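In the UniProt record's numbering, the protein residues as written are 1 to 224. To keep things clear, I will list the structure first and then write my remarks on it.
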């Protein structure tokens, strides 16, 4: 049974989310503020975390940072009453895996939770070896020429997505939807930033992650 943490100060919303997710067979642990949420993140293990951004005692951004520093593989869905583009970009760049704006649909929330948890199960034992690049998905480990490469959670997710989809061209909006798991409307500069970082950190990506002008990006398999 997958274990989910909900950190939400609105009791009615917290209870409804718990009810719907319980019906899907998930074990649900709840926290009403940032202090309780921080304690649970530090002392327990979860398969997914749902975080409200604006919660008392410690905000959702702080808990997002804490969660990703302890285990970057645990997906985090952020919930907020604000739909500002800058807030969305900020959360995604901090490592949030998904982003929902209130009022939220419970059916949509359940679908997003299932997507994240199923993806973890599918990828648990996956690994790649391409030329001098080695990726162990379960351990979140990346090596090139024998040296460990440090990636942010979203850099890692974007890297593995492109590896799984060699030679396919994706535009920025598609990458945001596929990797970040949400339909982004507006400025897609966060993709360009992550692509730039991958090229700087990984020699294979610097040589093979191509810009398709007027379209987007693709990772070329030079062995084909």
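Glycine is no exception: its CB is placed at the ideal position from the N, C-alpha and C atoms. Just so you know, these numbers come straight off a predicted model, no measurement behind them.
Taking contact to mean at least 3 C-beta pairs separated by less than 8 Å, is the region 81–96 in contact with the region 145–164?
By the Cβ test, the region 81–96 is in contact with the region 145–164, since at least three Cβ pairs between them sit closer than 8 Å.
Nearest-angstrom Cα distance between residue 29 and residue 210?
C-alpha separation (whole angstroms): 44 Å.
What is the DSSP secondary structure of residue 111, reduced to helix, strand or coil?
Residue 111 falls in the helix class under three-state DSSP.
For residue 191, does the three-state DSSP call read helix, strand or coil?
In the structure shown, residue 191 sits in a helix (DSSP, three-state: H, G or I).
Out of 128, 135 and 77, which one is the CA nearest neighbour of residue 108?
Measuring from the Cα of residue 108, the nearest candidate turns out to be 77.
State the DSSP-derived secondary structure class of residue 9, mapped to helix, strand or coil.
Reduced to three states, the DSSP call for residue 9 is coil.
According to DSSP, residues forming a beta bridge with residue 169
For residue 169, which the question treats as bridged, DSSP gives no partner whatsoever.
On the DSSP bridge list, what partners appear for residue 77?
DSSP, once it has assigned bridges, lists 50 and 98 as partnering residue 77.
Presumed contact (8 Å Cβ cut-off) between residue 35 and residue 57, rounded CB distance
The Cβ separation is near 4 Å, so the contact holds.
My assumption, with CB atoms under 8 Å, is that residue 158 sits in contact with residue 202. Please give the rounded CB distance.
The Cβ separation is near 11 Å, so there is no contact.
Residue 97: CB within 7 Å of a non-hydrogen atom of the ligand ATP:
For the ligand ATP, the structure offers nothing, since it holds no ligand at all.
Spatial neighbours of residue 175 within its chain, please: CB distance less than 6 Å, with the 5 preceding and 5 following residues excluded, ordered by chain position.
For residue 175, same chain residues with a beta-carbon under 6 Å away, outside a window of 5 residues either side, are 191 in chain order.
Please state the DSSP three-state secondary structure of residue 212.
Residue 212 falls in the strand class under three-state DSSP.
Return the CA-CA distance between residue 143 and residue 16, expressed in angstroms with no decimal places.
Going by C-alpha positions, residue 143 is about 43 Å away from residue 16.
How is the beta strand (DSSP E) around residue 128 delimited, first residue to last?
Segment 127–130, the beta strand (DSSP E) holding residue 128.
As assigned by DSSP and simplified to three states, the class of residue 218
For residue 218, the secondary structure class from DSSP, reduced to helix, strand or coil, is strand.
In the DSSP output, which residue or residues are listed as bridge partners for residue 59?
In DSSP, residue 59 forms no bridge with anything.
On the DSSP letters alone, give me the boundaries of the alpha helix (DSSP H) that residue 151 sits inside.
Counting along the chain, residue 151 falls outside any alpha helix (DSSP H), and DSSP gives it neither H nor E.
Rounded to the nearest angstrom, what separates residue 166 and residue 160 at their Cα positions?
Going by the C-alpha atoms only, they are around 10 Å apart.
Give the range of the beta strand (DSSP E) segment to which residue 177 is assigned.
Element bounds for residue 177: n/a, residue is neither H nor E.
Quick one: grab the DSSP three-state call for residue 205.
Three-state DSSP puts residue 205 in a helix.
Go through its chain and collect everything with a Cβ distance to residue 96's Cβ below 7 Å, but skip five positions before and after it.
When the five nearest sequence neighbours on each side are left out, the beta carbons in the same chain lying within less than 7 Å of the beta carbon of residue 96 are those of 64, 76 and 78, in order along the chain.
Residue range of the unbroken alpha helix (DSSP H) whose run includes residue 42
Counting along the chain, residue 42 sits inside the alpha helix (DSSP H) bounded by residues 34–43.
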